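Residue numbers (my numbering): 3 to 658.
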């Protein structure tokens with residue numbers, strides 16, 4: 003019944019929401035929260051899928067004086083204790099009363115199109131502090147005793163570019179909370195307050211017990227994995243996420259020591275040092291896949307503990323920018339997947355596309371100074387292949403489960419024409435089980451001076467990895483005026499201005515392949531070619547399959563396949579760029595570097611990191627393959643810099 007309540011709240015929010023990002027994309031969440039601030043129910047079929055481990059305890063503590071009809075609002079990642087993770091996510095929390103006492107809370111959030119800040123849509127990877135990212139709302143009352151607080155509403159409206167749309171979505175959120183309130187009252191009337199109150203904690207304990215049984219399928223041991231963001235935007239230096247997982251009888255301890263310090267860009271993920279939904283999502287999915295009967299709530303992660311160094315990328319300190327935290331969250335899925343792949347390789351999949359890019363169109367201001375800001379598509383790519391099944395083509399729901407926006411709806415809402423929206427051939431990693439292919443989106447604005455923003459652009463350098471002999475997926479690309487004489491390869495974009503008639507193309511990666519590609523059924527490869535997922539050249543090169551005049555040449559295929567060594571002994575195919583980088587900057591060297599960095603205050607780490615890596619900055623170029631010889635020489639210079647710093651620190655310790 004509580005799960006149905008969360009579901010109904012989500013349906014009410016979607017149907018009454020104002021913006022396309024709520025109505026179509028479903029970037030929202032709903033649920034019921036107990037007195038400890040934990041979600042004891044969460045939807046399964048509506049809204050995003052990654053927030054069951056949310057913690058509202060800091061928000062509850064911040065506004066202690068509550069009465070019936072009050073609704074708390076916040077979007078502040080730091081003051082909400084990590085409940086909000088970037089400013090466009092508006093969270094509402096309403097106390098539900100019975101006989102004058104709070105029995106639980108209704109919760110919901112939506113992603114707002116704009117909350118002010120330096121750029122339209124508020125999110126820019128180049129922001130270096132949260133003050134640039136828009137209006138910060140500490141936990142306070144949006145609604146008092148059933149009536150909107152006009153002062154708070156006026157303040158919000160004055161600080162965003164899409165005030166009318168924001169207010170429409172806020173009203174829809176309050177309506178969804180009212181649905182939850184009615185359903186909770188009905189359950190109490192039917193079962194009694196004692197049964198309901200006990201249920202708000204016992205259902206979490208029940209999920210915890212079942213989830214621990216699921217985690218017992220992970221063999222006891224210690225597992226380590228590393229993955230990267232392409233760069234920190236202010237330089238071409240890769241950003242490292244490292245995790246060590248220790249499994250003991252279904253208890254999982256994960257230590258993120260070795261992860262890089264927070265950066266002077268908007269990729270920081272504000273976890274508040276807690277067990278956090280963006281960090282534990284893959285484990286929640288693992289448990290639910292092992293046992294789909296587990297109720298979805300915070301208890302699933304009760305047997306998981308985290309250690310997250312303060313001032314790191316995954317636990318930044320104020321006022322670090324956090325707007326593009328979803329890029330880091332996506333990479334966290336790959337990191338956790340890499341840990342699990344070592345423990346249960348026959349159960350997990352290869353890396354997915356590893357990104358979500360909300361592609362935004364901000365049209366020029368009209369005669370009244372108003373601007374229309376729309377999310378054209380939440381671009382994602384393919385899912386990784388797994389034992390017995392290809393990856394999903396064009397959709398990777400690893401972190402959100404958000405839907406794509408129909409072309410007709412987008413063109414009716416925004417001033418643009420979509421020229422192409424379809425699959426990207428050859429982008430999925432080759433494998434016995436192919437990685438799902440990525441997508442290609444091309445559109446042209448109707449108005450000159452329109453701005454296109456790309457948030458969370460990743461996997462341009464370090465590609466999605468393949469598993470157990472499967473090959474990695476294809477890197478992302480962004481192109482202006484593709485196919486014209488003035489075609490321009492853009493690489494990652496923050497914001498670009500287009501004139502009417504110009505176009506922009508976003509190509510997303512496919513997922514990694516699983517298993518030796520030369521073991522793939524040739525008839526499946528032929529089908530891939532016929533469907534446009536794999537080209538003829540790739541069928542021959544990557545799968546050893548010869549297709550002539552649309553037909554499979556079985557003799558030529560058998561001959562070609564017989565002339566190659568199998569790839570079964572390769573657990574991970576990490577891609578050329580990563581292999582070259584890690585041949586110089588291995589775990590031992592990075593442990594020394596981060597050891598020095600984390601001895602310093604968080605405010606000093608960025609400058610020191612640039613100083614240590616100065617020799618590398620001179621040779622790395624973002625959109626070209628690494629030059630191995632130049633990188634090795636730079637790596638030696640880094641070691642010299644590091645040794646000097648270590649000697650200075652050792653001298654200080656002796657003096658002390």
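Just so it is clear, CB atoms sit at the ideal spot from N, CA and C, and this is done for glycine as well.
These figures come from a predicted structure and were not determined experimentally.
Collapsed DSSP secondary structure at residue 281 in the structure displayed | Indexing the chain shown from 1 puts residue 281 at position 279. In the structure shown, residue 281 sits in a helix (DSSP, three-state: H, G or I).
Taking residue 96 as part of the beta strand (DSSP E), name the residues at either end of that continuous run.
-> If you number the chain shown from 1, residue 96 lands on position 94. Note, residue 96: beta strand (DSSP E), 91-100.
Given residue 1, which residues of its chain have a CB within under 7 Å of its CB, disregarding the five upstream and five downstream residues?
-> There is simply no residue 1 to check, as the chain begins at 3 and stops at 658 in what is shown.
Between the beta-carbon of residue 32 and the beta-carbon of residue 177, is there less than 8 Å?
-> Here the question's residue 32 lines up with position 30 in the chain shown. Here the question's residue 177 lines up with position 175 in the chain shown. Their beta carbons are not under 8 Å apart, which means residue 32 does not touch residue 177 by this criterion.
Cβ contact (3+ pairs, closer than 8 Å) linking the stretch 18-29 and the stretch 407-417 = yes
Complete runs of the alpha helix (DSSP H) confined to the stretch 473-539 [at least 4 residues] = 524-533
Given residue 49, which residues of its chain have a CB within under 7 Å of its CB, disregarding the five upstream and five downstream residues?
-> Position 47 of the chain shown, counted from the start, is the residue given in the question as residue 49. The answer, listed in chain order, is 12, 28, 30, 31 and 32.
Cα-Cα separation, residue 103 to residue 150 | Position 101 of the chain shown holds residue 103. Position 148 of the chain shown holds residue 150. In a straight line, the C-alpha of residue 103 is about 22 Å away from that of residue 150.
With 16 other Cβ atoms within 10 Å as the buried cut-off, status of residue 87 = Along the chain shown, read from residue 1 onward, the residue named residue 87 stands at position 85. Residue 87 is buried by the Cβ-count criterion.
Pairing CB atoms from the stretch 447-464 with CB atoms from the stretch 229-243, are three or more of them under 8 Å?
-> yes
Specify the secondary structure class of residue 295 as computed by DSSP and reduced to three states.
-> Counted from its first residue, the chain shown places residue 295 at position 293. Residue 295 falls in the coil class under three-state DSSP.
With DSSP collapsed to three states, give me the class of residue 107.
-> Counting from 1 along the chain shown, the entry for residue 107 is found at position 105. Residue 107 falls in the strand class under three-state DSSP.
Express the C-alpha separation of residue 266 and residue 122 in angstroms, rounding to a whole number.
-> Here residue 122 refers to the residue found at position 120 when the chain shown is read from its first residue. Here residue 266 refers to the residue found at position 264 when the chain shown is read from its first residue. One C-alpha to the other measures close to 20 Å.
Anticipated Cβ contact below 8 Å, residue 252 with residue 292, distance rounded | Residue mapping note: residue 252 aligns to position 250 of the chain shown, counting from 1. Residue mapping note: residue 292 aligns to position 290 of the chain shown, counting from 1. Not really, about 11 Å apart at Cβ, beyond 8 Å.
Note down the Cα distance separating residue 563 from residue 539, rounded to an integer number of angstroms.
-> Reading the chain shown from its first residue, position 561 is the one you call residue 563. Reading the chain shown from its first residue, position 537 is the one you call residue 539. Between residue 563 and residue 539, the C-alpha separation is close to 15 Å.
Which same chain residues, not among the five before or five after residue 130, have their C-beta less than 7 Å away from its C-beta?
-> Here the question's residue 130 lines up with position 128 in the chain shown. Once the five neighbours on either side are set aside, the close Cβ partners of residue 130 are 266, 267 and 323.
Give the straight-line distance between the Cα atoms of residue 223 and residue 246, rounded to the nearest whole angstrom.
-> Working through the chain shown from its first residue, we reach residue 223 at position 221. Working through the chain shown from its first residue, we reach residue 246 at position 244. Straight-line Cα distance between these residues: approximately 10 Å.
Sort 138, 196, 152 and 501 by Cα distance to residue 106 and report the nearest one.
-> As a working mapping, residue 106 is identified with position 104 in the chain shown. Among 138, 196, 152 and 501, the Cα nearest to that of residue 106 belongs to 196.
If we ignore side chains and look at the alpha-carbon of each, how far apart do residue 189 and residue 198 end up?
-> In the chain shown, residue 189 corresponds to position 187, counting from 1. In the chain shown, residue 198 corresponds to position 196, counting from 1. Rounded to whole angstroms, residue 189 to residue 198 spans 7 Å at the Cα level.
Coil, strand or helix - residue 80 by DSSP = For the purposes of this step, residue 80 is taken as the residue at position 78 of the chain shown. In this structure, residue 80 counts as coil in the three-state DSSP scheme.
Do you know how far the Cα of residue 574 is from the Cα of residue 584?
-> By 1-based counting over the chain shown, the position of residue 584 is 582. By 1-based counting over the chain shown, the position of residue 574 is 572. Each residue's alpha carbon lies about 14 Å from the other.
4-residue-minimum alpha helix (DSSP H) runs that sit fully inside the stretch 409-478, ordered along the chain | 409-415
For residue 389, which option in 551, 518, 602 and 497 has the closest C-alpha, if you only look at C-alpha atoms?
-> Here residue 389 refers to the residue found at position 387 when the chain shown is read from its first residue. Residue 389 has its Cα closest to that of 518, out of 551, 518, 602 and 497.
Thinking just about the alpha-carbon of each residue, which of 503, 444 and 437 is nearest to the one in residue 471?
-> Here residue 471 refers to the residue found at position 469 when the chain shown is read from its first residue. Taking only the C-alpha atoms, the option nearest residue 471 is 437.
Given residue 440 as reference, the closest of 454, 374, 346 and 535 once Cα atoms are compared | Along the chain shown, read from residue 1 onward, the residue named residue 440 stands at position 438. Closest option to residue 440, Cα to Cα, is 535.
Apart from the five residues just before and just after residue 408, which ones in its own chain have a Cβ nearer than 7 Å to its Cβ?
-> Along the chain shown, read from residue 1 onward, the residue named residue 408 stands at position 406. Excluding positions up to five away in sequence, the list reads 26.
Between the C-alpha atoms of residue 147 and residue 97, what's the straight-line distance to the nearest angstrom?
-> Here residue 147 refers to the residue found at position 145 when the chain shown is read from its first residue. Here residue 97 refers to the residue found at position 95 when the chain shown is read from its first residue. Rounded to whole angstroms, residue 147 to residue 97 spans 11 Å at the Cα level.
Under a three-way DSSP split, which group does residue 181 fall into?
-> Taking the chain shown and counting its residues from 1, one reaches residue 181 at position 179. Three-state result, residue 181: helix.
Residue 363 (DSSP reduced to helix, strand or coil) | Within the chain shown, residue 363 is the residue found at index 361, counting from 1. Of the three classes helix, strand and coil, the one that applies to residue 363 here is strand, per DSSP.
Can you tell which of 382, 473, 559 and 475 has its C-alpha closest to the C-alpha of residue 508?
-> As a position in the chain shown, residue 508 is number 506, starting the count at 1. Ranking the options by Cα distance to residue 508, first place goes to 382.
Residues bridged to residue 129 (per DSSP) = Locating residue 129 in the chain shown gives position 127, counting from the first residue. DSSP output for residue 129 lists no bridge partner at all.
Contact under 8 Å by Cβ, residue 364 with residue 351 = Residue 364 sits at position 362 when you count from the first residue of the chain shown. Residue 351 sits at position 349 when you count from the first residue of the chain shown. The answer is no: Cβ separation not under 8 Å.
Proximity below 8 Å, CB of residue 337 to CB of residue 362 | For the purposes of this step, residue 337 is identified with residue 335 of the chain shown, where counting begins at 1. For the purposes of this step, residue 362 is identified with residue 360 of the chain shown, where counting begins at 1. No, Cβ-Cβ distance for residue 337 and residue 362 is not below 8 Å.
Terminal residues of the continuous beta strand (DSSP E) containing residue 620?
-> Within the chain shown, numbered from 1, the residue matching residue 620 stands at position 618. Counting along the chain, residue 620 falls outside any beta strand (DSSP E), and DSSP gives it neither H nor E.
For the putative contact between residue 384 and residue 354, defined by C-beta atoms under 8 Å, what is the C-beta separation to the nearest angstrom?
-> Start at 1 with the first residue of the chain shown, and residue 384 comes out as number 382. Start at 1 with the first residue of the chain shown, and residue 354 comes out as number 352. Contact flag correct, Cβ pair sits at about 7 Å.
Determine contact between the stretch 494-509 and the stretch 594-601, defined as no fewer than three beta-carbon pairs at a distance below 8 Å.
-> no
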